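**Student:** Numbering of the sequence shown is given in UniProt numbering, commencing with residue 1 and proceeding in unit increments.
Note that the Cβ used here is the ideal one computed from N, Cα and C, for glycine as well.
It should be emphasised that the depicted structure is a prediction, and the values quoted were computed from it without experimental measurement.
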Amino acid sequence: MTSKISSLTSSMASFLCDLIRIRSVCGINAERFVAQRICVECQSLKLKYDLISAPNEEHRPNVIVTAGNGPSKFLFVGHMDTVNVEDETQWSFPPFAGIIDDKTQRIIGRGSCDNKGGIVCALYTLYLLQQLIDEQNLNVSIQLACVVDEESGACSSIGVRYLLDRKLISGSGAIYVYPGTNVTIGHRGLLRLAIDVKGENVHTGSVEWNTKMKGANASTTLARILIALEDYAWNNDKDPSFPNLTLIVTPGTIFNGGSFPSVVPSNASAMVDIRLMPSTSVDDILKKIEDIMKTIINERNEFYRKMTFNSTSSARLSASITIKNQLPAATIDSNHPLVHSCVNAVKKILNITPTTNGCGPANEGYMLIESGIPTICGFGPIGGNVHGVDEWISIPSMTQTVDIYVDIVSNYCQLFG
């Protein structure tokens, strides 16, 4: 099997370079053209595929690739969208050129390891499994779901969720094809909030602002809230599945305030990113944030009242919270047979013993786990600089990953006795 996989290295690398060259930045470029290129590769490999779109989302089709004809026994999942590139001049190679660095045997480009490289590995895994299924005349099928809109926050209704709700994908186990040899048994949850502060605008050169008879600065009030959130001693929630990771609150990941240099800001907003552990209470988090907001809003309103010597004047400042994204932490047992199959395959092919930990970033693994599909929330080719400059994937690791994937599915699903 290894020699057969090695002969596919050039085809896999070329295919990945093509996918990188097709921009699919979430919120900017629809995934349609990436999906079409995947379908072309399926035709070349003689694999069955279907394009499945949510209503009114025809420009963002998911691709379901299938090896075999029987009941679905195993599922691979990868997302076709990527994050954007902030500054292309910082990259060693153009980020959407799909360049092979011959010195390092790496492919450099946005989406190379998150998550297009994993899709390539899974697709070629299905190609080899199709041959094995035909040779053994097995009544099984293996699926690969290439999905849209993951980078919007891992809670999209038009990708994995859409396919699961319509029972278009299934299996007795699944792997989300993120990079790395850690057998990722789960992920932290995510709570992403927008805090909006309303104040009162007035000309910064006016007597009213000079005497504080009018005006209330929404931006500085919001800044005080964010600093208070950063300084607060949050519960140090821990879990043995997530070594070196805890509950973490990061205020002000995006900040907007004001409309003109000479106007006191009447509106300010900021995003707060919160990574949840399995034991974290979202209600407790929200209550504490609301308490901190209320305290600071009251303090600032009292400040303006004192400046005007009018204790009965109406409040000039208010604040509100809007939940933008929320998804739970999710794990499977570290002793689950799927975990053992992954560990054994890595030992066999790479001659190393992989770690079996949960990961810090959230992903769509929770959707699969909640649907009753035991899921490795990340395992795939070796790569680096995810979401960063010079994102890369190791070409040799891609063929090794296919070898590992074939071994995992063969043993976990007991395909050959």
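1) Label His-59 either buried or exposed according to how many other C-beta atoms from any shown protein chain fall within 10 Å of its C-beta, with 16 as the threshold for buried.
2) What are the start and end residues of each continuous alpha helix (DSSP H) run of 4 or more residues lying completely inside the segment 340-381, in chain order?
3) Can you give me the C-alpha to C-alpha distance between Val-34 and Ser-24, rounded to a whole angstrom?
4) Taking one C-beta from the segment 155-173 and one from the segment 363-378 each time, how about it: are there three or more such pairs within less than 8 Å?
5) Span of the alpha helix (DSSP H) holding Thr-322?
6) Where Phe-379 and Gly-358 are concerned, what is the direct C-alpha to C-alpha distance, given to the nearest angstrom?
7) Drop a sphere of 10 angstroms on the beta-carbon of Thr-322, count the other beta-carbons inside from all chains shown, and report buried for 16 or more, exposed for fewer.
8) For Ala-228, which of helix, strand or coil comes out of DSSP?
9) For Lys-400, which option in Gly-70, Leu-350 and Ala-223 has the closest C-alpha, if you only look at C-alpha atoms?
10) What separation, rounded to the nearest whole angstrom, lies between the Cα atoms of Arg-21 and Arg-37?
11) Just the C-alpha distance for Thr-353 and Tyr-405, rounded to the nearest angstrom, thanks.
12) May I ask you to report which of helix, strand or coil DSSP gives Asn-267?
13) Which one of Glu-57, Val-65 and Val-264 has the shortest CA to CA distance from Val-40?
14) So, does the segment 257-269 touch the segment 211-222, judging by three or more C-beta pairs under 8 Å?
15) Just how far apart, CA to CA, sit Lys-46 and Thr-253?
16) When the distance is taken between beta carbons, is Leu-126 closer than 8 Å to Ile-142?
17) I believe Tyr-412 touches Leu-327 by the beta-carbon criterion, under 8 Å. Please report the beta-carbon distance rounded to the nearest angstrom.
18) Kindly provide the ranges of any alpha helix (DSSP H) runs that are 4 or more residues long and lie completely inside the UniProt domain "Peptidase M20 dimerisation" (185-296), ordered along the chain.
19) Leaving aside the five residues before and after Gly-345 along the sequence, list all residues of the same chain whose C-beta is less than 6 Å from its C-beta, in chain order.
20) How would you label Gln-90, buried or exposed, when you count the other beta carbons within 10 angstroms and need 16 or more for buried?
21) Report the three-state DSSP secondary structure of Lys-77 (helix, strand or coil).
22) Would you kindly report the start and end of the unbroken alpha helix (DSSP H) that includes Cys-26?
23) When the Cα of Asp-237 is compared with those of Glu-208, Gly-189 and Val-263, which residue comes out closest?
24) Of all the options Ser-269, Met-307, Pro-278 and Asn-298, which has the alpha carbon lying nearest to the alpha carbon of Ile-332?
25) Go ahead and label Ser-92 buried or exposed: buried means 16 or more other beta carbons lie within 10 angstroms of its beta carbon, across all protein chains shown.
26) Spell out the partners DSSP gives Gln-136 in its beta bridges.
27) With a threshold of 7 Å on Cβ separation, who are the neighbours of Gly-68 within its own chain once the five nearest residues in sequence on each side are excluded?
28) Would you call Lys-103 buried or exposed, if buried means 16 or more other Cβ atoms sit within 10 Å of its Cβ?
29) Specify whether the segment 384-396 and the segment 114-128 touch according to this definition: at least 3 beta carbon pairs, one from each stretch, less than 8 Å apart.
30) Can you give me the C-alpha to C-alpha distance between Tyr-178 and Gly-153, rounded to a whole angstrom?
31) Take Lys-347 and list the residues in its own chain whose beta-carbon comes closer than 7 Å to its own, dropping the five residues that flank it on each side.
32) Applying the 10 Å Cβ sphere with the 16-neighbour rule, what's the burial state of Ala-97?
33) Using three-state DSSP, classify Arg-106 as helix, strand or coil.
34) With a 10 Å radius around its C-beta and 16 neighbouring C-beta atoms as the bar for buried, classify Phe-74 as buried or exposed.
35) Count the other CB atoms, across all protein chains shown, that sit within 10 Å of the CB of Gly-313; report buried if there are 16 or more and exposed otherwise.
36) What are the start and end residues of the alpha helix (DSSP H) that includes Tyr-176?
**Tutor:** Reading from the atomic positions:
1) Along the sequence shown, one-based indexing puts residue 59 at 59. With fewer than 16 other Cβ atoms within 10 Å, it is exposed.
2) 365-370
3) Taking the first residue of the sequence shown as 1, we reach residue 34 at position 34. Taking the first residue of the sequence shown as 1, we reach residue 24 at position 24. Their Cα atoms are separated by approximately 7 Å.
4) Three or more pairs of CB atoms, one per stretch, sit closer than 8 Å, so the segment 155-173 contacts the segment 363-378.
5) Within the sequence shown, numbered from 1, the residue matching residue 322 stands at position 322. No alpha helix (DSSP H) holds Thr-322; the beta strand (DSSP E) holding it covers 318-327.
6) Counted from its first residue, the sequence shown places residue 379 at position 379. Counted from its first residue, the sequence shown places residue 358 at position 358. The alpha-carbon atoms of Phe-379 and Gly-358 are separated by roughly 11 Å.
7) In the sequence shown, the residue the question calls residue 322 occupies position 322. When all chains shown are included, Thr-322 counts as exposed.
8) Position 228 of the sequence shown, counted from the start, is the residue given in the question as residue 228. Here Ala-228 sits in helix by DSSP.
9) As a first step, residue 400 is located in the sequence shown; it is residue number 400 there, counting from the start. Correcting the residue type first, residue 400 is Gln in the shown sequence and not Lys. Measuring from the Cα of Gln-400, the nearest candidate turns out to be Leu-350.
10) Walking along the sequence shown from the start, residue 21 turns up at place 21. Walking along the sequence shown from the start, residue 37 turns up at place 37. When rounded, the distance between both Cα atoms is 11 Å.
11) Here residue 353 refers to the residue found at position 353 when the sequence shown is read from its first residue. Here residue 405 refers to the residue found at position 405 when the sequence shown is read from its first residue. The alpha-carbon of Thr-353 is positioned some 16 Å away from that of Tyr-405.
12) Counted from its first residue, the sequence shown places residue 267 at position 267. In this structure, Asn-267 counts as strand in the three-state DSSP scheme.
13) Here residue 40 refers to the residue found at position 40 when the sequence shown is read from its first residue. The residue with the shortest Cα to Cα distance from Val-40 is Val-65.
14) Between the segment 257-269 and the segment 211-222 there are three or more C-beta pairs closer than 8 Å, enough to call the two in contact.
15) As a position in the sequence shown, residue 46 is number 46, starting the count at 1. As a position in the sequence shown, residue 253 is number 253, starting the count at 1. Distance between the alpha carbons of Lys-46 and Thr-253: 46 Å.
16) One-based indexing of the sequence shown puts residue 142 at position 142. One-based indexing of the sequence shown puts residue 126 at position 126. Here Ile-142 is near Leu-126, since their CB atoms are less than 8 Å apart.
17) Counting from one through the sequence shown, the residue named residue 412 turns up at place 412. Counting from one through the sequence shown, the residue named residue 327 turns up at place 327. Contact annotation, Tyr-412 with Leu-327: C-beta distance approximately 26 Å; criterion of less than 8 Å not satisfied.
18) 207-210 and 218-231
19) The count along the sequence shown starts at 1 and reaches residue 345 at position 345. Correcting the residue type first, residue 345 is Ala in the shown sequence and not Gly. Cβ neighbours of Ala-345 beyond the five flanking positions: Ile-404, Asp-407 and Ile-408.
20) Along the sequence shown, read from residue 1 onward, the residue named residue 90 stands at position 90. Exposed, by the Cβ-count rule.
21) For this step, residue 77 is matched to residue 77 along the sequence shown. Correcting the residue type first, residue 77 is Val in the shown sequence and not Lys. Val-77: strand per DSSP, three-state reduction.
22) Locating residue 26 in the sequence shown gives position 26, counting from the first residue. Cys-26 -> no alpha helix (DSSP H), and no H or E assigned at all.
23) What you label residue 237 is simply residue 237 of the sequence shown in a count that begins at 1. That would be Gly-189, whose Cα lies nearest to the Cα of Asp-237.
24) Residue numbering aside, residue 332 sits at position 332 when the sequence shown is read from its first letter. Nearest of Ser-269, Met-307, Pro-278 and Asn-298 to Ile-332, Cα basis: Pro-278.
25) Position 92 of the sequence shown, counting from 1, holds the residue named residue 92. Counting Cβ neighbours within 10 Å, Ser-92 comes out exposed, since fewer than 16 surround it.
26) The residue given as residue 136 occupies position 136 in the sequence shown. Answer by DSSP bridge pairing: none, since Gln-136 is not bridged.
27) The residue given as residue 68 occupies position 68 in the sequence shown. Apart from the 5 residues on each side of it in sequence, Gly-68 sits with its Cβ closer than 7 Å to the Cβ of Gln-130, Ile-133, Leu-138, Val-140, Ser-141 and Ile-142 in its chain, given in chain order.
28) Numbered from its first residue, the sequence shown carries residue 103 at position 103. Lys-103 is exposed by the Cβ-count criterion.
29) yes
30) Residue mapping note: residue 178 aligns to position 178 of the sequence shown, counting from 1. Residue mapping note: residue 153 aligns to position 153 of the sequence shown, counting from 1. Each residue's alpha carbon lies about 16 Å from the other.
31) In the sequence shown, counting from the first residue as 1, residue 347 sits at position 347. The residues are Thr-353.
32) Here residue 97 refers to the residue found at position 97 of the sequence shown. That one is exposed.
33) For the purposes of this step, residue 106 is taken as the residue at position 106 of the sequence shown. Strand.
34) Sequence index remark: in the sequence shown, residue 74 carries index 74 (1-based). With 16 or more Cβ atoms within 10 Å of its Cβ, Phe-74 is classed as buried.
35) Translated into the one-based positions of the sequence shown, residue 313 becomes position 313. In the sequence as presented, Gly is not what sits at residue 313; that position holds Ser. Classification of Ser-313: exposed, given that the 10 Å Cβ count is below 16.
36) In the sequence shown, the residue the question calls residue 176 occupies position 176. Tyr-176: not part of any alpha helix (DSSP H); member of the beta strand (DSSP E) spanning 174-176, first to last residue.
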